[in-house]
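Chemist: Counting in this note's numbering, the sequence shown runs from 1170 upward without gaps. Backbone N, C-alpha and C define an ideal beta-carbon position, used for all residues, glycine too. This structure is a prediction, so every number in the text was calculated from the model and none was measured. I'd like to ask you about the structure that follows.
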Amino acid sequence: MLSMFDGALTGFGIVAGNYFMGVFSSSATISALVGAMVALAASSALAAYEAESTFEDAKRRDTASEDMVQVVSRVNERKRARLSVFYAVISHGLGPLPTLLAASVPFLFFPSREASVYSLSIMGLSVFVFGVYVGTQRKRNSLWYGVKYLLIVLIIAGFLLMTSAR
C-alpha cells in the first residue's frame, strides 16, 4: 500500500512539475510517468526483498540447537518465509503501477493541458483515499488523515509553483 502512495506522489510531482513549467507535451509526460513506473517498481521490489530477507536472516540466527522435529518444522518455515519474501517483492513492486497508470490515462484522451488537470485530480484523490485508509487502519479520524495527506500534495504543488521559472 505504501508503494501506491509513492506512485501517487511521484505521479503528482511529475505532472504538476510539467504543468507549472509549461511543458504541455503528452508524450513527454507519459514518458516520464512510464520511467517513474519502472524505477519505482524496481526500487519498491528491491526494498521489500531486502527488508524481508533481513528479517528472515535475523529469525534464523536467533534459533539455537534444534532436535529433528524442530529441524523439519524449520525447513517448512523457511519455505513459507521464501514465499512471503516473493509475495512482498511482487506486491510492493506492482504497488506504484495503479496510481501511475491512472495518472497517464488522461493524456491518452485529452489535450495535454486539460489532461494535466484531470491527472492531478486523480493523484490528489488517490492520496486522499490513501490517507483515509491509513486513518481507518490506525483507528483514528480517517477523514482528517485524508485531509492531512492531501495537504502534502498541496505543499508539493506550492513548492513546484514557486520554483517554476517561466
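Would you say Met1292 and Phe1181 are within 8 Å of each other, going by their C-beta atoms?
Modeler: Translated into positions along the sequence shown, residue 1292 becomes position 123. Translated into positions along the sequence shown, residue 1181 becomes position 12. Yes, the Cβ-Cβ distance between Met1292 and Phe1181 is below 8 Å.
Chemist: I want to know whether the segment 1199-1213 touches the segment 1292-1302 - three or more CB-CB distances under 8 Å.
Modeler: Contact between the segment 1199-1213 and the segment 1292-1302 is absent, because fewer than three Cβ pairs lie under 8 Å.
Chemist: Shortest alpha-carbon distance to Ser1333 belongs to which of Gly1186, Thr1198 and Leu1270?
Modeler: By one-based count along the sequence shown, residue 1333 stands at place 164. If we check each option's Cα against that of Ser1333, Gly1186 comes out closest.
Chemist: Please state whether the Cβ-Cβ distance between Ile1325 and Leu1178 is less than 8 Å.
Modeler: Position 156 of the sequence shown, counted from the start, is the residue given in the question as residue 1325. Position 9 of the sequence shown, counted from the start, is the residue given in the question as residue 1178. Contact flag set, yes.
Chemist: Would you say Ser1194 and Ala1284 are within 8 Å of each other, going by their C-beta atoms?
Modeler: Within the sequence shown, the letter at position 25 stands for residue 1194. Within the sequence shown, the letter at position 115 stands for residue 1284. No, Cβ-Cβ distance for Ser1194 and Ala1284 is not below 8 Å.
Chemist: Return the Cβ separation of Ala1272 and Val1184 in integer angstroms, given the expectation that the two are a contact with Cβ distance under 8 Å.
Modeler: For this step, residue 1272 is matched to residue 103 along the sequence shown. For this step, residue 1184 is matched to residue 15 along the sequence shown. Right, the Cβ-Cβ distance comes to about 6 Å (below 8 Å), so this counts as a contact.
Chemist: In or out: Ala1233 buried (at least 16 other Cβ within 10 Å) or exposed?
Modeler: For the purposes of this step, residue 1233 is taken as residue 64 along the sequence shown, with counting starting at 1. Low confidence applies to Ala1233: its pLDDT is 49, below 50, so where it sits in the model is not reliable, and the reading given next is rough at best. That one is exposed.
Chemist: Which residue from Ala1201, Gly1264 and Thr1198 puts its Cα closest to that of Ala1210?
Modeler: Your numbering for residue 1210 matches position 41 in the sequence shown. Residue Gly1264 is the option with its Cα nearest to Ala1210.
Chemist: Mapping DSSP to helix, strand and coil, what is Phe1193?
Modeler: Numbered from its first residue, the sequence shown carries residue 1193 at position 24. If DSSP states are grouped into helix, strand and coil, Phe1193 belongs with coil.
Chemist: Output needed for Ile1259: all residues of its chain with C-beta closer than 8 Å, excluding positions within five of it in sequence on either side, in chain order.
Modeler: The residue labelled residue 1259 in the question sits at position 90 within the sequence shown. Excluding positions up to five away in sequence, the list reads Ala1214.
Chemist: Measure the alpha-carbon distance for Ala1197 versus Tyr1218 and round it to whole angstroms.
Modeler: Here residue 1197 refers to the residue found at position 28 of the sequence shown. Here residue 1218 refers to the residue found at position 49 of the sequence shown. Rounded to the nearest angstrom, the two C-alpha atoms are 32 Å apart.
Chemist: Just tell me which of Tyr1318, Val1286 and Ser1295 has its CA closest to the CA of Leu1266.
Modeler: Along the sequence shown, read from residue 1 onward, the residue named residue 1266 stands at position 97. Per the Cα distances, Ser1295.
Chemist: Helix, strand or coil, according to DSSP, for Arg1249 in the structure here?
Modeler: By 1-based counting over the sequence shown, the position of residue 1249 is 80. Looking at Arg1249 - three-state DSSP - the assignment turns out to be helix.
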